[in-house]
Amino acid sequence: MCDPIREDGSSQRGALSKEKRPYIHREWSWADIIRALTVMVVHFLCLLAPFYYKWEALRFGFVLYALTSLSITFSYHRNLAHRSFKLPKWLEYPLAYFAVFALQGDPLDWVSIHRFHHQFTDSDRDPHSPIEGFWFSHVWWICDTRYIKYKCGGRNNVMDLKQQWFYRFLRMTIGFHVLMFWTVLYLYGGLPYLTCGGVKLFISINYIIHKIICMRPYEK
């Protein structure tokens, strides 16, 4: 079992505590609160969608879904996290930028967590380990950033991305880009575009592949 990792990449001794932690009644960071509010707003938009339905807005929702999903898959996942292939910067950066609008975080955060996930798969160091239960591994871990940092350490596994100004810039300004996008979307198409853009689809191809097709036994 691997030791927790500090921000500078050094190891620190000691096993993770096995005591059951409170989830709701704990100290929430601003990052946790913003993520939880984002999830609630998106689900609220889903509830409004049937009442503000327009075909053109629905078509836009499918286009947005395709664009952001492909960007997450080809940029965050295959290109940045796994380094499966190389892209020229004029193509790499726009793909990473489009992926921001999938509301899955900035490239540094997404890639770091995914690399830790593969490094510590299905162990107590896995950021979203199934050992901690269905709900934590699928949902709750998203809004528990301090615990994830405690389990895995800092983003010492994405130094290749930290060295590039573009990814540092996106990390510092991601909130601005997301808010600007949804503001422009509302000003252009009103609630129909906002709701259909928020809905897109509930289940992504990436989720199906990782949770169903590639499922394997894990430590109980």
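Note that the UniProt record's numbering has the sequence shown beginning at 1, numbered continuously upward.
C-beta atoms are modelled at their ideal positions from N, C-alpha and C, and glycine is treated no differently.
Keep in mind it's a predicted model, so treat the numbers as computed, not measured.
Query, Result
"Neighbour-count burial assignment, residue 151, 16 or more Cβ in a 10 Å radius", "buried"
"Three-state secondary structure (DSSP) of residue 84", "coil"
"Expected contact under 8 Å - CB spacing of residue 191 and residue 185 to nearest Å", "The Cβ separation is near 10 Å, so there is no contact."
"contact_flag[the region 104–118, the region 165–173] where n(CB pairs < 8 Å) is 3 or more", "yes"
"Residue 32 in three-state terms, based on DSSP", "helix"
"At least three beta-carbon pairs within less than 8 Å, the region 134–148 to the region 23–37", "yes"
"Sequence-distant residues of its chain with Cβ nearer than 6 Å to residue 54 (five each side left out)", "192"
"Exposure of residue 88, with buried meaning 16 or more beta-carbon neighbours within 10 Å", "exposed"
"Of the listed residues 136, 156 and 102, nearest to residue 72 (C-alpha basis)", "102"
"Cut-off 7 Å between Cβ atoms - residues of its own chain near residue 197, not counting five sequence neighbours on either side", "60, 61, 64 and 185"
"CA-to-CA distance, residue 91 to residue 43, given in whole angstroms", "32 Å"
"Cβ-based burial, residue 114 [other Cβ within 10 Å; buried from 16]", "buried"
"Spatially closest choice to residue 168 from 36, 51 and 97, by CA coordinates", "97"
"Contact belief for residue 178 with residue 111 at Cβ below 8 Å, rounded distance in angstroms", "Actually they are not in contact, since the Cβ atoms of residue 178 and residue 111 sit about 18 Å apart, beyond 8 Å."
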